[in-house]
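Structure, as structure tokens:
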Amino acid sequence: METRNEFRTRVKDTLSKIDPEVLKYDQSEFWMIRSAYEYVDYYATANRMWNTKIALPLARGLHDGAHRKSMIVKDGEMYRLPYLIHPLQVCRMIIDLQIAITKKEEDILIASALCHDMIEDIPFENGGTEMYTDFYLDKEVYDTVKTVSKRWDFTEEEEKEFFKNIENNKLALLVKLSDRGNNVEDLYNMSLWKVHEYADETRKYYIPMCENAKRKYPEIKRNIQMFKNKMVTLIKASEALSDRFSETEEDLQKKVQILRDENSHLRHTWQTLWNEGGTFHE
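First residue of the sequence shown: 1, per this note's numbering; consecutive thereafter.
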């Protein structure tokens, strides 16, 4: 195995061949993602994960300027988290789970997790094939990302086919479950209707996909069950909280309407008394 310095040099030489504008990012925001970024970076270096080491600065540059809805407070100021915190957290989840796959598969998996929204969010000229033609990632990374990429205008039949294709691709399955596993942690930032829509989609597609995948991939059955448990638990909790909030909101709206009615009645009474009292003179 090549030494860490040899590996770093090889990665550096490859990154130097990529357009600097692609890798450019806002360094003033890096402090918000530094811990997660360095965690994944260290793991990739220690395990000589070529694709992950290329995908890290690539994702940082291509998603620069995009943000999550989540906020962070520092010195009394609120900042929106850079989008990259999401794929980084997905990668940390994958690393911490120690999924029973080869190191080569894990490299493809983590790199794909870092890039999983690129085809949907980045206006590539060639549909994302730039990942392997211009950015030196293995084609398998592109193939995995392509499998988990969804068009906004899918018909119901296309959506069913979409999830079936994911189910039949082990690495794409793990990317999608990890992505959903992280997103359900952020349900509190969604509107009430979005929480229920998200929950319905999870029950309709993700839970059945988990059950089928456990039979298809017995070697990662335990990991799939963990993803399923997390999704079910957080969705139930989010729905319960949103329903409680909705009930409270309805009660407040009723009280507001009562106050409006009372105010209207008082204004009418005041107008009647005013008219009976005649015109006001200075």
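C-beta: ideal position from N, C-alpha, C; glycine also.
This structure is a prediction, so every number in the text was calculated from the model and none was measured.
Unbroken alpha helix (DSSP H) run spanning residue i, endpoints
{"i": "E120", "result": "M118 to D121"}
{"i": "E219", "result": "Neither: E219 is in no alpha helix (DSSP H) and is coded neither H nor E."}
{"i": "E156", "result": "E156 to E167"}
{"i": "K139", "result": "K139 to V148"}
{"i": "E6", "result": "R4 to L15"}
{"i": "K176", "result": "K170 to N183"}
Pair within 8 Å by beta-carbon distance, residue i and residue j
{"i": "L109", "j": "L56", "result": "no"}
{"i": "Y217", "j": "K170", "result": "yes"}
{"i": "V40", "j": "R4", "result": "no"}
{"i": "V148", "j": "A111", "result": "no"}
{"i": "I166", "j": "T202", "result": "no"}
{"i": "R68", "j": "R60", "result": "no"}
{"i": "I99", "j": "I220", "result": "yes"}
{"i": "C115", "j": "V73", "result": "no"}
{"i": "R8", "j": "T52", "result": "no"}
{"i": "I54", "j": "L97", "result": "no"}
{"i": "K214", "j": "I207", "result": "no"}
{"i": "D107", "j": "W50", "result": "yes"}
{"i": "K150", "j": "E120", "result": "yes"}
Same chain, Cβ closer than 7 Å to residue i, five either side skipped, listed in chain order
{"i": "Y205", "result": "F163"}
{"i": "I33", "result": "P82, L84, I85 and L88"}
{"i": "M1", "result": "R48"}
{"i": "F280", "result": "Annotation note: pLDDT 42 at F280 (below 50); position unreliable, no value reported."}
{"i": "M231", "result": "R180, G181, V184, T202 and Y206"}
Contacting residues, own chain, Cβ-Cβ under 6 Å from residue i (five flanking each side not counted)
{"i": "V90", "result": "A113, S178, D179 and N182"}
Alpha carbon of residue i to alpha carbon of residue j, nearest angstrom
{"i": "E211", "j": "V141", "result": "25 Å"}
{"i": "K12", "j": "K24", "result": "15 Å"}
{"i": "E21", "j": "L58", "result": "10 Å"}
{"i": "D200", "j": "I101", "result": "31 Å"}
{"i": "E161", "j": "D153", "result": "14 Å"}
{"i": "G65", "j": "D134", "result": "22 Å"}
{"i": "Y198", "j": "D75", "result": "34 Å"}
{"i": "R10", "j": "K103", "result": "19 Å"}
{"i": "T233", "j": "V184", "result": "9 Å"}
{"i": "E125", "j": "M118", "result": "12 Å"}
Chain D contact for residue i (CB, 8 Å cutoff)
{"i": "M93", "result": "The chain inventory of the structure shown lacks chain D, comprising one protein chain alone."}
Same chain only: Cβ atoms within 8 Å of residue i, ignoring 5 sequence neighbours per side
{"i": "E29", "result": "Y79 and P82"}
| Which parts of the segment 49-127 are runs of the alpha helix (DSSP H), unbroken and 4 residues or longer, counting only runs that do not cross its ends? | 50-62, 85-97, 103-114 and 118-121
| field | alpha helix (DSSP H) runs contained entirely in the segment 17-43, provided each spans 4 or more residues | value | 20-23
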